[in-house]
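J.: Dumping the structure here so I can ask a few things about it.
Residue numbers (our numbering): 3 to 309.
Structure representation (structure tokens):
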């Protein structure tokens, strides 16, 4: 078990060595968002902006117009919430090459509680025209996708977590932005997941198999642009689809999938996520269980969708 934010820090450090145009900014949270190693190695390319997230985003935007590849880092609640207007008007409207890399997303922020558990950030970012939204499942995914995000032209929101999460991939796994990964092939229900819920989906497959239900698992790490080619195939070859995420069921992966299916292939669906509610302080594993976004919650949703 390893944290996606740790993978981001390692990948950012390597990017600093590989590309002199890569710069990093943070809002008083270098240790938490794992930019400290980059700051030590490349002090002239690291900018501590203080608790001023909107200003950080605007500065990053300016740097991008000078050919830099800025990673603006903070907690998801602040980078997508407090700074949203600057992200929308300065970065999104101009289509600037800024990478908004936010840690501490979802219920798994844990003991920090509802004020810091960003359950709306995917919705806030994917609604901005031209914004790419990437949600890695584990350490290996976060490492490779950080590299992919740096190479991608245009604004990107990279959603990362706080705690150590289950490993789904081996180190060295390669990803392609905009193309989902099929981790298990089944025939009855397709489970589309992002973040920590990918590992839970893999666990749910085994539980469903014991009840004679065959399930596919797809890692939809690119929430936007959504891989509609794979989605259409899954809808045509399965009786139902379940989405799983540690995000509000309104506006997240589930919303994106439902919007696409309404156009290309209406399909019975269930949504695993927080049910239009705030979170609370607690251990991440207990919170995932309480809010039904663990393996048991996915199993229940799959069976309901098939019925």
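Glycine included, C-beta positions come from ideal geometry on N, C-alpha and C. Please read all numbers here as calculations on a predicted model, not as lab measurements.
#1: By DSSP, does residue 152 sit in helix, in strand, or in coil?
#2: Please tell me whether residue 223 and residue 297 are closer than 9 Å, where the distance is taken between their beta carbons.
#3: Return the chain-ordered list of same chain residues with a C-beta closer than 7 Å to the C-beta of residue 299, the five sequence neighbours on each side being excluded.
#4: Comparing C-alpha positions only, which one of 108, 133, 162 and 158 sits nearest to residue 145?
#5: DSSP has residue 186 in a bridge; who is on the other side?
#6: Quick check on the burial criterion: 16 or more other C-beta atoms within 10 angstroms. Buried or exposed for residue 153?
#7: State buried or exposed for residue 278, treating a residue as buried only when at least 16 other CB atoms are found within 10 Å of its CB.
#8: Here's the rule I'm using: 16 or more other beta-carbon atoms within 10 Å means buried, otherwise exposed. How should residue 99 be labelled?
#9: What separation, rounded to the nearest whole angstrom, lies between the Cα atoms of residue 8 and residue 36?
#10: Between 165, 31 and 238, which lies nearest to residue 289 when the distance is taken from Cα to Cα?
#11: Measuring CB to CB, does residue 258 end up less than 9 Å from residue 236?
#12: Leaving out five residues on either side along the sequence, give the residues of the same chain with a beta carbon under 8 Å from the beta carbon of residue 97.
#13: Under three-state DSSP, which class holds residue 171?
#14: Quick one: what's residue 193 bridged to in DSSP?
T.: This is what the structure holds:
#1: helix
#2: no
#3: So the list reads 274, once near-sequence residues are dropped.
#4: Here the closest residue by C-alpha is 162.
#5: 219
#6: Of the residues assessed, residue 153 falls on the exposed side of the cut-off, its CB having fewer than 16 other CB atoms within 10 angstroms.
#7: exposed
#8: buried
#9: 6 Å
#10: Proximity to residue 289 across 165, 31 and 238 peaks at 165, based on C-alpha coordinates.
#11: No, the pair does not count as a contact, with Cβ atoms beyond the cut-off.
#12: 132, 156 and 157
#13: If DSSP states are grouped into helix, strand and coil, residue 171 belongs with coil.
#14: According to DSSP, which records beta bridges pairwise, residue 193 is partnered with 219 and 244.
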